[in-house]
Amino acid sequence: MSDPMLPTQDVAVELLVEAGAVLASSLDLSTTMRQVARLTVPRLADLCVIDLRDDDGSIREVAVAAADPRIAGPLEALRREHPLDPAGEHPVARVIRCGEAELLAQMSSSLMHSFAQGSEHARFMIEHRYHSAVVAPLLARGRTLGALSVLRLGESESYELDDLELVCELARRAAMAIDNARLYSQLRKVEQRLEAVLVNVAEAITLTDDRGRMVFANQAAAELLGASTPTELTSASPGSIMPRFLVLDEHGRELDLESMPARRLFAGESVEPLLVRNIVRATGEERWLIVRSSPVVDPESERILYAVNVFENITEVKRAQLAESFMAEASRVLASSMDYAETLTQIAQLAVPQIADWCAVDVLGEDGEIERVAVHHTDPTRIELAERIDRGYHLDRDDPLGVPEVIRSGRARIYNDIPPEALAAYARDDAHLAMLQAIGATAVIIVPLAAPSRTLGAITLVSSESLRRLSHGDLALAERLGRRAGTAVESARLYTERSRIATMLEAALLPESLPQIPGAELASLYRAAGELNDVGGDFYDVLPYGEGRWLLVIGDVCGKGPRAAAVTALARHTLRTAAMLELTPTAMLETLHRSLRNQPAGSDLCTVCLATLELVGAGARLMVTLAGHPPPLIIDADGEAAQVGTPGTLLGVLDPIEIGEVEVELERGQTLLMYTDGLPEADRTGMQLGEQHLFEPSVQRSDPTLVGLLTQVERAALRRANGRLRDDIAMLAVCMD
Amino acid sequence: MGAQDQLQIAVRREADRVILALDGELDMATAEQLQHATDGLEGQAMVVLDLEQLQFIDSTGLRSVLSVLERCRDRGQEFAVTRGSQQVQRLLGVTGVAKHLRIIDAADEVLA
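Chain order of the listed sequences is A and B. For the first sequence, counting from 1, position 264 maps to 264 in this note's numbering; every step adds exactly one. For the second sequence, counting from 1, position 58 maps to 1058 in this note's numbering; every step adds exactly one.
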């Protein structure tokens, strides 16, 4: 109040400099405003008030500074009780409304009464001798945020136009500070909200700038990237995090920093989410991550400021998916072939690099020795190393450790730490040790190749250059693989054995060779259905039947397997004996029927076609007898075919049986074709066109021999069956030369 | 094995008979199904196999039909079949089984 005023010009410069410093120093709004108000007192004013307009339009006093300590407190209380009417005549309200500064050089008591907010306010102003005032708007970005008022009291000088300008300048600066502070606090609020979200999400999130610096990381990111706190990540130097990991793509190829989505974003590329296999070098832990990066773009420069990186950990899902697709693929491979050495090689190839860097399969041979059947690594030169070890240091079945031990015990083993001394103890000599060291195993799984009743061998999985730790999930998957492959190997062995037995049995059921009939050509064909050729029930035979006569037999015993084989043998031998005794065809069939009826189970049924052949001149006389069997065909040289015979009852089930006999001439050039039901039923339509179409007469016979004809008929049947016969086919044919 | 390998058997009981309607293929893969379906039909005066929708039958299928016939005879039940597809008719004809079966036009045909 009584302090002498400094020359205006100096005050102005000094004030603005100090205000600049104050406004830049803090971004807390009320603190800043109080500091600004204090700057003006006493150099420029005896009292300074700063009012702000709230979002709802009301006016709120935020700072009061006064030279006289008795003024500030009561004024603040007064303003709280009687807030300024935004539509009123108070200079602050007017300035805020129209955005123009006001100079009130001399305030008369009547003027003060005119804008006072009630009598108490008027009394206060008069009591404190309000004298001269400048009210300047707080203008920022075109908006009036409030007003800065400076007042002189009592005897002080009146304000002049120069003062008005200075106050306006000060108000502009304060307004900018207020505006920044508001923006800053809004930003802080947004950031806090964002941070609250980011910190709490399960996904790891980082924010990186164009220099690769991490400016933000949440707790999940810290955990994923092996840091104890997010700060450890944000204070790390660019590029120092990635080398902690081995980063591979889905196919096992190593990825560098430049191929990461964030880097590619900054390089101006558009990026898709990237699936990576990430292995922690320090621990060998493996994770599957989806990395998504999106840009934060500066709206003005359109430059990418930051990349937001989201790491989604899909390890569990991916492992389960990989395990399932691996097992599905393994099952497919195992089912594709009965050659188990080939199959196991494919299994080893399948396991690399998906489960391990190395895969070897050893089986126990017939002689009890361990035999390496497959070894795989993505690098062929490395495979050679494994083969050298196997050649030079062949596994001994009595070795206390490793594959032999797993084969003996049938129990899977997992080793995730292989101390050098253990390797040294295992090695047989220094050269062996050197080769084992070159393999570089960091983890090993050995599982038994387990068939239901025994262990056939072992599968070894080794992790080396990938540094991957083998988990118990990997062990479980490998054990499944071992069981599945073991079962496949066992069934392949059984299959080989069974086909051998089946071939032997079939040989016993079918004639080794057909006899010679003068002037006639004989041919037969037998085709078993399917790959698992259980012994079928089709049979045929050609037997001498008295002087110049032969008996041609074809038949079909219902069913498959040992029982059908036994019934087939019974039928064939009954007919042989009957032919020797020269029984009539009908008597032969009745004999067979009775012997089938005498079988304990009683439901074995059998169909038979007999044809007796008696040479007459250049041709032959045939008697065709049917017992539930499809009638044979007589085919002319030009391909025309006709069925012969009348249906008779099948044997072994129904009583009484009816047997039909038909006599027919077989002329020169004509062929009698006898067959079993597998031929007309090959396509399951029951030959609706008629059985004479069986051999497609429209097709030219490419092979004039009788065997050629049968082969052609068989091929046509296979075509009709789409390559998959469901019943055996037997054919017996005789042609008069 | 596709759908064509399958056999559906619908069992329908009417006043004097039980009708087993066969749809699909009666062969080595499905014959046992028919055996199971005919277990526990002792109470019925008549058993009818409706073969109208049977597309295929082989010798094993035929054997299972014949064993149903035998069981019916043992129990003193009537047994009949409907005609069935051309393939079914062919096999019943060629094997002489047709002569041993009572073949009716429709499963609910009233018998004298």
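For each residue, glycine too, the CB sits at the ideal point set by N, CA and C. All values derive from a computational prediction rather than experimental measurement.
Residue environment, residue i, which counts as buried when at least 16 other CB atoms sit within 10 Å
i                       : result
residue 98 of chain A   : exposed
residue 361 of chain A  : buried
residue 722 of chain A  : exposed
residue 632 of chain A  : buried
residue 206 of chain A  : buried
residue 1022 of chain B : buried
residue 419 of chain A  : exposed
residue 736 of chain A  : buried
residue 598 of chain A  : exposed
residue 588 of chain A  : buried
residue 714 of chain A  : buried
residue 698 of chain A  : With a pLDDT of 42 at residue 698 of chain A, under the threshold of 50, the modelled position of that residue is not reliable, and the figure given next carries that caveat. Under this definition residue 698 of chain A is an exposed residue.
residue 494 of chain A  : exposed
residue 33 of chain A   : buried
residue 1030 of chain B : buried
residue 652 of chain A  : buried
residue 630 of chain A  : buried
residue 422 of chain A  : exposed
residue 272 of chain A  : exposed
residue 1036 of chain B : exposed
Listed by chain order, chain B residues near residue i by CB distance under 7 Å
i                      : result
residue 653 of chain A : 1066
residue 681 of chain A : 1058
residue 614 of chain A : Those do not exist, as residue 614 of chain A stays about 26 Å from chain B at its closest Cβ, beyond 7 Å.
Within chain B, the residues that residue i reaches when beta carbons sit closer than 8 Å
i                      : result
residue 630 of chain A : 1094
residue 648 of chain A : 1096
residue 605 of chain A : 1059, 1062, 1063, 1066
Distance between residue j and residue i (C-alpha atoms, nearest Å)
i                       : j                       : result
residue 14 of chain A   : residue 35 of chain A   : 15 Å
residue 1048 of chain B : residue 709 of chain A  : 44 Å
residue 649 of chain A  : residue 1091 of chain B : 11 Å
residue 204 of chain A  : residue 87 of chain A   : 53 Å
residue 546 of chain A  : residue 336 of chain A  : 52 Å
residue 718 of chain A  : residue 667 of chain A  : 30 Å
residue 739 of chain A  : residue 1099 of chain B : This structure cannot speak to residue 739 of chain A, because chain A is shown only from 1 to 737.
residue 543 of chain A  : residue 1019 of chain B : 47 Å
residue 573 of chain A  : residue 325 of chain A  : 54 Å
residue 452 of chain A  : residue 1065 of chain B : 38 Å
residue 125 of chain A  : residue 92 of chain A   : 15 Å
residue 62 of chain A   : residue 314 of chain A  : 54 Å
residue 379 of chain A  : residue 386 of chain A  : 11 Å
residue 212 of chain A  : residue 238 of chain A  : 5 Å
residue 219 of chain A  : residue 252 of chain A  : 28 Å
residue 669 of chain A  : residue 347 of chain A  : 57 Å
residue 49 of chain A   : residue 161 of chain A  : 19 Å
C-beta contact flag for residue i and residue j at 7 Å
i                       : j                       : result
residue 528 of chain A  : residue 728 of chain A  : yes
residue 147 of chain A  : residue 95 of chain A   : yes
residue 19 of chain A   : residue 173 of chain A  : yes
residue 41 of chain A   : residue 72 of chain A   : no
residue 44 of chain A   : residue 150 of chain A  : yes
residue 441 of chain A  : residue 466 of chain A  : no
residue 1041 of chain B : residue 1084 of chain B : no
residue 623 of chain A  : residue 612 of chain A  : yes
residue 541 of chain A  : residue 518 of chain A  : no
residue 278 of chain A  : residue 264 of chain A  : no
residue 448 of chain A  : residue 402 of chain A  : no
residue 226 of chain A  : residue 469 of chain A  : no
residue 557 of chain A  : residue 564 of chain A  : yes
Closer than 9 Å at the beta carbon, the chain B residues around residue i
i                      : result
residue 559 of chain A : 1028, 1059, 1060, 1063
residue 804 of chain A : With chain A covering 1 to 737 only, the question about residue 804 of chain A has no answer from this structure.
residue 658 of chain A : 1096, 1099
Beta bridge counterpart(s) of residue i as assigned by DSSP
i                      : result
residue 449 of chain A : A:457
residue 540 of chain A : A:554
residue 660 of chain A : A:626
residue 192 of chain A : According to DSSP, residue 192 of chain A bridges with nothing at all.
residue 735 of chain A : A:521, A:671
residue 214 of chain A : A:208
Residues that residue i contacts on chain C, provided the C-beta gap is smaller than 9 Å
i                      : result
residue 556 of chain A : Reference to chain C is not applicable here, since the protein chains of this structure are A and B.
Per-residue contacts from residue i into chain A (C-beta, under 7 Å)
i                       : result
residue 1036 of chain B : Under the 7 Å cutoff, chain A gives no residues; its nearest Cβ is about 16 Å from residue 1036 of chain B.
The ligand ATP heavy atom lying under 6 Å from the CB of residue i
i                      : result
residue 341 of chain A : Among the ligands in the structure shown, none appear at all, so the ligand ATP cannot be discussed.
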